[in-house]
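Novice:
Protein chains: 2
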Amino acid sequence: MKLNEKGLLIVISGPSGVGKGTIRKALFKRAGHNLDFSISMTTRSPREGEIDGQDYYFVTKEKFEAELARGNLLEHAKFVNNYYGTPKDKVMEKLKEGKEVVLEIEVQGALQVKAKMQDAVFIFIAPPSWEALESRLVNRDTETSDIIIERLNKAKNEIMFASSYDYIVINDEVENAVDKIIAIIRAEHAKCKRALEGYYRLMEE
Amino acid sequence: MKLNEKGLLIVISGPSGVGKGTIRKALFKRAGHNLDFSISMTTRSPREGEIDGQDYYFVTKEKFEAELARGNLLEHAKFVNNYYGTPKDKVMEKLKEGKEVVLEIEVQGALQVKAKMQDAVFIFIAPPSWEALESRLVNRDTETSDIIIERLNKAKNEIMFASSYDYIVINDEVENAVDKIIAIIRAEHAKCKRALEGYYRLMEE
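Residue numbers (our numbering), protein chains in the order written: chain A, 6 to 210; chain L, 6 to 210.
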């Protein structure tokens, strides 16, 4: 019996290199869930094969800044002169349809979302050890050792922000982390603050 | 990886006839969990075959009142001139050992526990409909129709107290309700307020 018909906004976040993307992909592969991606808005040009409204919402700088001004970005950042952000109206639409919207973002972005969507579920993905995080960063052979040291230092700062999240899930094994996230989603739907109104409505019928 | 080494106090509660006992039994049958009962203290005499410290802690009225006076009862009630209650020290011991202590109690008792153990997890077991609750009460052939009407009226009052609980789980199907409770236990252990201290300790090692 489903009491909470609105979907959840699930923010999966954590330091760079922790394996957020791997967990998110494994989570979507599990059956029986009504998960959906949040699609970002960006001012960068589409690469070959990228489709507007699917990979990104591709917009002009003027349009992005207008959306920003009217408060329609749950979070945003600027990289190499291009904006990237999460449009609030698109997320709200999906939540209303009952979809669980998964937002896989950096810690900075998650803290921005937290200020705007108190009702979202914030999950901090944490490395099982500093060595594990370092070896993951080293194995991405695109990074130089300077960048790796910088990322590790950033991660040490970022785990202090875990206290702003609702849950902490250690990425010791991907499937184990996914099990925990699924348990969190189930539990959150059973929370009185989300389900009680629906229950009282059901009992009045 | 276990970050929260302390067990949880899990309060399973709801109206009379909702099926709390059935759910609790089915929950304990599931493998891979570290659940334990809370044993009540009572002033009534042991029935044949009942063992002190296993079925109940059997105590004198004076002993019970002394425990009450020193604040060692998480909840208590008096039925037919006998006291029944949950001794706090015994519960705390088990939690320290890492056991999840399950307390299956009436709504009145749960509200007493809530005032004393803010850290406990409160789960309200709710009937899927008034008809379902009524037919469960009717099937307990020990009750007269007067008692059934009285219990239904009490239940209508009690579901208003669900808002004091953390979670609401509808007993539509026992195994389904048990799945939800297990998800709640997993999620609660991953809560930052319970797990973060352990995580920081781990990362400092």
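Ideal Cβ placement from N, Cα and C applies to all residues, glycine included.
#1: Going by DSSP, name the residue or residues bridged to residue 87 of chain L.
#2: Express the C-alpha separation of residue 81 of chain L and residue 108 of chain A in angstroms, rounding to a whole number.
#3: Determine the chain L residues that contact residue 131 of chain A at a beta-carbon separation under 7 Å, and present them in chain order.
#4: Quick check on this structure: which residue in L:106, L:153, L:134, L:133 has the alpha carbon closest to the alpha carbon of residue 142 of chain L?
#5: How would you list, in chain order, the residues of chain L whose beta-carbon sits under 7 Å from the beta-carbon of residue 94 of chain A?
#6: Taking only beta-carbon atoms, is residue 17 of chain L less than 9 Å away from chain A?
#7: Give me the residue from L:22, L:18, L:14 with the minimum Cα distance to residue 156 of chain L.
#8: Would you list the residues sitting across from residue 217 of chain A in a DSSP beta bridge?
#9: Reducing DSSP to helix, strand and coil, say where residue 56 of chain L ends up.
#10: Looking at residue 122 of chain A: is its Cβ nearer than 9 Å to the Cβ of residue 78 of chain A?
#11: Nearest to residue 18 of chain A by alpha carbon, out of A:163, A:196, A:199, A:206?
#12: Consult DSSP for residue 8 of chain A and reduce its assignment to one of helix, strand or coil.
#13: Quick one: does residue 189 of chain L have its CB under 9 Å from some CB of chain A?
#14: For chain L, find out if any of its Cβ atoms is closer than 9 Å to the Cβ of residue 185 of chain A; answer yes or no.
#15: Distance check for residue 48 of chain L and residue 167 of chain A, CA to CA, integer angstroms please.
#16: So, does the stretch 131-139 of chain A touch the stretch 34-47 of chain A, judging by three or more C-beta pairs under 8 Å?
#17: On the CB-based measure, 16 or more other CB atoms within 10 Å of its CB, does residue 85 of chain L come out buried or exposed?
#18: Output, in sequence order along the chain, the residues in the stretch 17-45 of chain L whose CB is closer than 7 Å to any CB in chain A.
#19: Could one say the Cβ of residue 163 of chain A lies closer than 9 Å to chain L's Cβ atoms, at least one of them?
#20: Mind listing, in chain order, the continuous beta strand (DSSP E) runs of no fewer than 3 residues lying wholly within the stretch 126-204 of chain A?
#21: Quick check: does the Cβ of residue 204 of chain A come within less than 8 Å of any heavy atom belonging to the ligand COA?
#22: Could you work out which residue in A:200, A:184, A:144 is closest to residue 170 of chain L when comparing CA atoms only?
#23: Counting only the same chain and skipping the five closest in sequence on each side, list residues whose C-beta sits under 8 Å from that of residue 51 of chain A.
#24: Just the Cα atoms here: how many angstroms apart are residue 210 of chain L and residue 150 of chain A?
#25: Under a Cβ-count criterion, where at least 16 other Cβ atoms within 10 Å of its own Cβ denotes burial, should residue 65 of chain A be classed as buried or exposed?
#26: Measuring only the C-alpha atoms, how far is residue 161 of chain A from residue 176 of chain A?
#27: Taking 9 Å as the CB-CB limit, is residue 175 of chain L close to chain C?
#28: State buried or exposed for residue 12 of chain A, treating a residue as buried only when at least 16 other CB atoms are found within 10 Å of its CB.
#29: Verify whether the separation of the beta carbon atoms of residue 20 of chain A and residue 196 of chain A is less than 9 Å.
#30: Taking only the alpha-carbon atoms, compute the straight-line gap between residue 32 of chain L and residue 202 of chain L and give it to the nearest angstrom.
#31: On the three-state DSSP scale, how would you describe residue 41 of chain A?
#32: Any idea what DSSP makes of residue 70 of chain A, helix, strand or coil?
#33: For residue 46 of chain A, count the other beta carbons within 10 Å of its own beta carbon; 16 or more makes it buried, fewer makes it exposed. Which is it?
#34: Taking buried to mean at least 16 other C-beta atoms within 10 Å of its own C-beta, is residue 140 of chain A buried or exposed?
#35: By Cβ distance, which residues of its chain are closer than 7 Å to residue 110 of chain L, with the 5 residues on each side in sequence left out?
Specialist: In terms of the structure at hand:
#1: Locating residue 87 of chain L in the second sequence gives position 82, where the first residue counts as 1. DSSP output for residue 87 of chain L lists L:84 as bridge partner(s).
#2: Numbered from its first residue, the first sequence carries residue 108 of chain A at position 103. Numbered from its first residue, the second sequence carries residue 81 of chain L at position 76. Rounded to the nearest angstrom, the two C-alpha atoms are 46 Å apart.
#3: Position 126 of the first sequence, counted from the start, is the residue given in the question as residue 131 of chain A. Per Cβ cutoff of 7 Å: 204.
#4: Counted from its first residue, the second sequence places residue 142 of chain L at position 137. Selected option, being the one with the closest Cα: L:153.
#5: On the first sequence, position 89 is the one that residue 94 of chain A refers to. Correct list: empty, because the minimum Cβ distance to chain L is about 29 Å.
#6: On the second sequence, residue 17 of chain L is found 12 positions in, with the first residue counted as 1. No, residue 17 of chain L does not count as interfacial toward chain A.
#7: Within the second sequence, residue 156 of chain L is the residue found at index 151, counting from 1. Minimum Cα distance to residue 156 of chain L is reached at L:22.
#8: Since the displayed chain A opens at 6 and closes at 210, residue 217 of chain A lies outside it and no answer follows.
#9: As a first step, residue 56 of chain L is located in the second sequence; it is residue number 51 there, counting from the start. Correct three-state label for residue 56 of chain L: coil.
#10: For the purposes of this step, residue 122 of chain A is identified with residue 117 of the first sequence, where counting begins at 1. For the purposes of this step, residue 78 of chain A is identified with residue 73 of the first sequence, where counting begins at 1. Not in contact: residue 122 of chain A and residue 78 of chain A (Cβ atoms no closer than 9 Å).
#11: Within the first sequence, residue 18 of chain A is the residue found at index 13, counting from 1. Measuring from the Cα of residue 18 of chain A, the nearest candidate turns out to be A:163.
#12: Taking the first sequence and counting its residues from 1, one reaches residue 8 of chain A at position 3. Of the three classes helix, strand and coil, the one that applies to residue 8 of chain A here is coil, per DSSP.
#13: Position 184 of the second sequence holds residue 189 of chain L. For residue 189 of chain L, the answer is yes, since a Cβ of chain A falls inside 9 Å of its Cβ.
#14: Taking the first residue of the first sequence as position 1, residue 185 of chain A is located at position 180. Yes, because at least one Cβ of chain L sits closer than 9 Å to the Cβ of residue 185 of chain A.
#15: Here residue 167 of chain A refers to the residue found at position 162 when the first sequence is read from its first residue. Here residue 48 of chain L refers to the residue found at position 43 when the second sequence is read from its first residue. Spanning the two alpha carbons is a distance of roughly 48 Å.
#16: no
#17: Taking the first residue of the second sequence as position 1, residue 85 of chain L is located at position 80. Classification for residue 85 of chain L: exposed.
#18: none
#19: Position 158 of the first sequence, counted from the first residue, corresponds to residue 163 of chain A. No, no contact with chain L.
#20: 126-131, 172-175
#21: You won't find the ligand COA in this model; it holds no ligand whatsoever.
#22: Counting from one through the second sequence, the residue named residue 170 of chain L turns up at place 165. It is A:200.
#23: As a first step, residue 51 of chain A is located in the first sequence; it is residue number 46 there, counting from the start. Once the five neighbours on either side are set aside, the close Cβ partners of residue 51 of chain A are 57, 60, 61, 63.
#24: Locating residue 210 of chain L in the second sequence gives position 205, where the first residue counts as 1. Locating residue 150 of chain A in the first sequence gives position 145, where the first residue counts as 1. For residue 210 of chain L and residue 150 of chain A, the distance between alpha carbons rounds to 24 Å.
#25: Taking the first sequence and counting its residues from 1, one reaches residue 65 of chain A at position 60. The residue in question, residue 65 of chain A, is exposed, as its Cβ has fewer than 16 Cβ neighbours within 10 Å.
#26: Taking the first sequence and counting its residues from 1, the one referred to as residue 161 of chain A is at position 156. Taking the first sequence and counting its residues from 1, the one referred to as residue 176 of chain A is at position 171. Going by the C-alpha atoms only, they are around 16 Å apart.
#27: Structure shown: chain C not included; protein chains present are A and L.
#28: What you label residue 12 of chain A is simply residue 7 of the first sequence in a count that begins at 1. Answer is buried; the Cβ neighbour count reaches 16.
#29: Here the question's residue 20 of chain A lines up with position 15 in the first sequence. Here the question's residue 196 of chain A lines up with position 191 in the first sequence. Taking 9 Å as the Cβ cut-off, residue 20 of chain A and residue 196 of chain A do not qualify as a contacting pair.
#30: Counting from one through the second sequence, the residue named residue 32 of chain L turns up at place 27. Counting from one through the second sequence, the residue named residue 202 of chain L turns up at place 197. Near 29 Å, if we compare the C-alpha coordinates of residue 202 of chain L and residue 32 of chain L.
#31: Taking the first residue of the first sequence as position 1, residue 41 of chain A is located at position 36. If DSSP states are grouped into helix, strand and coil, residue 41 of chain A belongs with the strands.
#32: For the purposes of this step, residue 70 of chain A is taken as residue 65 along the first sequence, with counting starting at 1. In the structure shown, residue 70 of chain A sits in a helix (DSSP, three-state: H, G or I).
#33: What you label residue 46 of chain A is simply residue 41 of the first sequence in a count that begins at 1. Burial call: buried.
#34: The sequence position of residue 140 of chain A within the first sequence is 135, counting from 1. Exposed is the call here.
#35: Within the second sequence, numbered from 1, the residue matching residue 110 of chain L stands at position 105. If we look at residue 110 of chain L and ignore the five residues flanking it on each side, its Cβ neighbours are 16, 18, 80.
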